Every structure is written in C-alpha cells, then in structure tokens.
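See structure below.
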Amino acid sequence: MSGGGADPGAETSSSSSGFGGSVFGEAATPPVELNMTALMDILSNLLFFLLASFGTCVVMMIQATVPVQSKGKSDVEDKAQAVTVMVNISKTGFDVSVTGAVQTPQELEGLRRQIGASAASGEHDLQALHSHLVTIKERYKDSKTLIIVPEPGIPYGLMIKTMDAAREHETVAGGKRWVTKLLPEIVVSGTVK
Amino acid sequence: MTGKRLSFGESSSGAFSLNLTALMDILSNLLFFLLASYTAQDLEVKRSDLTLPASISNDKVVETLMVTVTRSEIIVGQEAIAQIQESRVVGVNDEDPQITPLYNKLRNIKLTRERDTQYQDATARDSFLLMADKSSDSVLIAKVLKTAGAAGFVRVRFGVLSQ
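Same order as they appear, the protein sequences are chains A and B. Taken in order, the first sequence gives residues -12 to 180; the numbers are from the numbering used here. Taken in order, the second sequence gives residues 786 to 948; the numbers are from the numbering used here.
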C-alpha cells in the first residue's frame, strides 16, 4: 500500500536521504548554469572603449577679457593697495612693469623686472616670473589685473603658461596646502606699433 | 580487481571551475566609474590639426560660442571662416587690425543674441570660448581677440587641456 499522493515513479535515490527533493517526492530542481561568456565579451569591449576614450583629453578654461576702447573707467588701479601688472613676452624673456594711479613713479619703477631665459633649460623662466609676481602681490594685496602683451612669434602655448604662472600661489603651512589668488583677471593685448 | 587505479600524484578529475565573482565585481566597478567620467565630459576635441595647450586651470568649460583656431583654419561653431597658412590668415593683410570674415560672422551672431531673450545676461551674451592650437602665433591670437572684441565679444575663455 502506497502513501497518499505518492508517485512510485518519482522515486529517486536522494529521497531516502532527504536532499534534492521534497518529502512529497517532487523532482529535484536542476542547478542553473549561467553562461557568462557573452556578458564578459560585452563588458570587456565596453571597458576597452571607455578606457581608450577616457584618456583623450579633459578640457578646462581660463577666463580673460579683450581690451576695448571705452569711455568708462580705466583699467589702471587707483587704490593704494592695488596695481596693474603688465608682462611683455618677447623671445628673450619677460619684461614685467607695474602701473598704478596712486603710487609714486619711483615706487613702481622699483618693481620693474627683466626676466631672461632660465639658465638650466634655456626657456622662458616661468618660475622666476611667478616669484616676482608673488612679491608684487605681497606688497599690493588688492592687485588682481594682469595685462599680457606678447610679441610676434611668441607661441600661444607660452601665453597660457604665463597666465598659469600669474593665476595662483600655493604654499604649505602647518601640514595644509594653501592656495592664494595672484592676478586672476587677465587682459590680453597686442603690441602697439 | 575492478576499478581504475590511481597513479601517484594525479587527481581523479581533470576539470576545474573558475570563480568569476570577484572579477565581475571589479569590472563592473571600473565600468560604472568610466561611464560616469565619460558622460561628465562636456567637450571633446577630436581634430588632428588642433593641440590645446596644457594648463593648471580647474575652471570647468561653460557651453558658449566656440571659436577654433587650428593650424589650418579658423572655425566659428562648426563653420570654417578663414584659412590659415604659416600663421597668417589667407586673404587678410598683416596691416589689417581685424579679420574681416571672422568679424562679419561674429557680428551677425552678436546681433542675433541681442534679440534673443535667452541671452539676457551680459556675461553669457558677450563671451566666447577660444580653442586655439598651442603653436599658433600670438599675433594671430591677438588679432582674433581684437576682431572678437570689435564684434562685441569682450569676454574670452581660453580652452586648455587639464594638466
């Protein structure tokens, strides 16, 4: 005499041990096998594509203004703690001059500097330019305008590097990194003939 | 005697299984990171005749009118305006303070913007993004800037590569 609902045909070897089937004799669920080959193929293709395109370029921007003739206020600073710095870029180096409406000519002339090429690399000495601009900023803390006047033949890349040298100054004090703005307002002008 | 006799050091089965869980985890994390970085990039530069200069600037690019100065041409938006040969604009004298075709194009855009209510903010209306090749002569760049200034675009944003 068989038990209620029991199907003698469904008898399996595991039913006697209790694994892989219920006590009512249902067939054990076969293990599901996932074929990951196609998924791995897609993921790796996507990964290689993204890796290749990730390194192309990350574009940032530098804000500046163009000098235009206006009837309004001059760009020359008229505060005691502010001056306007002009950097002439020539093939031989940088010519830094300072203008201000309040300061004396002797005071401003003392800040004028000719910065030649670096002795080590023979290229424009951006580090020396940066140091001099830091000196000017320390003396005139409200200064923020830089006028760049490149000569013919100066590559555009050097103009950008000059802007970088004048943008900010980084110091480390007390284990912390401090970034102070130098001359963030940039005006690009051409050589007056 | 029946049954296979094992020789010394051999396992009974040649099959082995790879556990791919950790590998899938790493790949999916890498994928999500790259997807997020890829979609966050607003601007792509894909010209062979344009190499942007590198800069330490961290200012993100703001979508605006783009003026591109490559080694061979000047492009406003997607339209080539003038050809460049040996750092000189073809058809423009060196003594000319402006680049006429560029001025005409920018002036038209400026007049359109002044009528467009979308450009209520003067900063947005007067600004453009300059993407220039790093080897471009500064005289050419200065002329482009002067032309743009004459056309009413007095705020320039230099597109650079993040260093």
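Glycine included, every Cβ here is placed at the ideal spot set by N, Cα and C. In this text, all values refer to a predicted model and were calculated from it rather than measured experimentally.
With 16 other Cβ atoms within 10 Å as the buried cut-off, status of residue i
{"i": "Ala25(A)", "result": "exposed"}
{"i": "Lys148(A)", "result": "buried"}
{"i": "Gln868(B)", "result": "exposed"}
{"i": "Ala88(A)", "result": "exposed"}
{"i": "Phe35(A)", "result": "exposed"}
{"i": "Gly(-9)(A)", "result": "Residue confidence for Gly(-9)(A) is low, a pLDDT of 40 falling below 50, so the modelled location carries little weight and cannot support an answer."}
{"i": "Ala67(A)", "result": "exposed"}
{"i": "Met23(A)", "result": "exposed"}
{"i": "Leu820(B)", "result": "exposed"}
Residue range of the alpha helix (DSSP H) that includes residue i
{"i": "Val121(A)", "result": "113 to 126"}
{"i": "Ala152(A)", "result": "143 to 154"}
Opening and closing residue of the beta strand (DSSP E) in which residue i lies
{"i": "Leu850(B)", "result": "850 to 854"}
{"i": "Arg100(A)", "result": "100 to 103"}
{"i": "Thr52(A)", "result": "46 to 52"}
{"i": "Gln868(B)", "result": "864 to 870"}
{"i": "Leu95(A)", "result": "Careful: Leu95(A) lies outside any beta strand (DSSP E), inside the alpha helix (DSSP H) at 92 to 96."}
{"i": "Val175(A)", "result": "172 to 175"}
{"i": "Leu801(B)", "result": "In the sequence under discussion, the amino acid at residue 801(B) is Phe, which differs from the Leu named in the question. That residue, Phe801(B), is in no beta strand (DSSP E); it is neither H nor E in DSSP."}
Given residue i as reference, the closest of the options once Cα atoms are compared
{"i": "Thr167(A)", "options": "Val136(A), Ile134(A), Asp129(A)", "result": "Asp129(A)"}
{"i": "Ala51(A)", "options": "Gly944(B), Ser947(B), Arg940(B), Val945(B)", "result": "Arg940(B)"}
{"i": "Ala153(A)", "options": "Pro92(A), Glu172(A), Gln101(A), Glu138(A)", "result": "Glu172(A)"}
{"i": "Gln101(A)", "options": "Leu33(A), Ser108(A), Gly80(A)", "result": "Gly80(A)"}
{"i": "Arg942(B)", "options": "Thr849(B), Ala839(B), Ile894(B)", "result": "Thr849(B)"}
{"i": "Ser802(B)", "options": "Ala14(A), Glu20(A), Thr16(A), Glu13(A)", "result": "Glu20(A)"}
{"i": "Gly959(B)", "options": "Asp834(B), Asp901(B), Ala907(B), Thr855(B)", "result": "Examination of residue 959(B) is not possible in this model, given that chain B is present from 786 through 948 alone."}
{"i": "Val924(B)", "options": "Ala865(B), Thr897(B), Leu815(B), Val854(B)", "result": "Val854(B)"}
Closer than 7 Å at the beta carbon, the chain B residues around residue i
{"i": "Met73(A)", "result": "Those within 7 Å of Met73(A) in chain B number zero; the least Cβ separation is about 15 Å."}
{"i": "Ala51(A)", "result": "Val941, Phe943"}
{"i": "Val19(A)", "result": "Going along chain B, no residue has its Cβ under 7 Å from Val19(A), so there is no contact; the nearest lies around 15 Å."}
{"i": "Leu30(A)", "result": "Leu812, Leu816"}
Proximal chain B residues relative to residue i, where beta-carbon distance stays under 9 Å
{"i": "Ser108(A)", "result": "Here the premise fails: no neighbours, minimum Cβ distance about 16 Å."}
Contacts that residue i makes with chain A (C-beta to C-beta distance below 9 Å)
{"i": "Pro838(B)", "result": "Pro142, Tyr143, Gly144, Leu145, Met146, Ile147, Lys148"}
Amino acids of chain B, ordered along the chain, whose beta-carbon sits closer than 8 Å to that of residue i
{"i": "Pro139(A)", "result": "Asp922, Ser923, Val924"}
{"i": "Val175(A)", "result": "Ile926, Ala927, Leu930, Val941"}
{"i": "Leu113(A)", "result": "The premise fails here: Leu113(A) is roughly 11 Å from chain B at the closest Cβ pair, so nothing lies under 8 Å."}
Residue i Cβ short of 8 Å to the ligand GTP heavy atom set
{"i": "Asp834(B)", "result": "The ligand content of the structure shown is nil, which means the ligand GTP is not present either."}
Residues that residue i contacts on chain A, provided the C-beta gap is smaller than 8 Å
{"i": "Asn843(B)", "result": "Met47"}
{"i": "Lys919(B)", "result": "Pro142, Tyr143, Gly144, Ile147"}
{"i": "Leu819(B)", "result": "Leu34, Leu37, Leu38, Phe41"}
Test: residue i CB closer than 9 Å to a CB of chain E
{"i": "Arg126(A)", "result": "Protein chains A and B are contained in the structure displayed, whereas chain E is not."}
(request) Taking only runs that begin and end inside the segment 883 to 938 of chain B, name each unbroken beta strand (DSSP E) of 3 or more residues, in chain order. (result) 912 to 917
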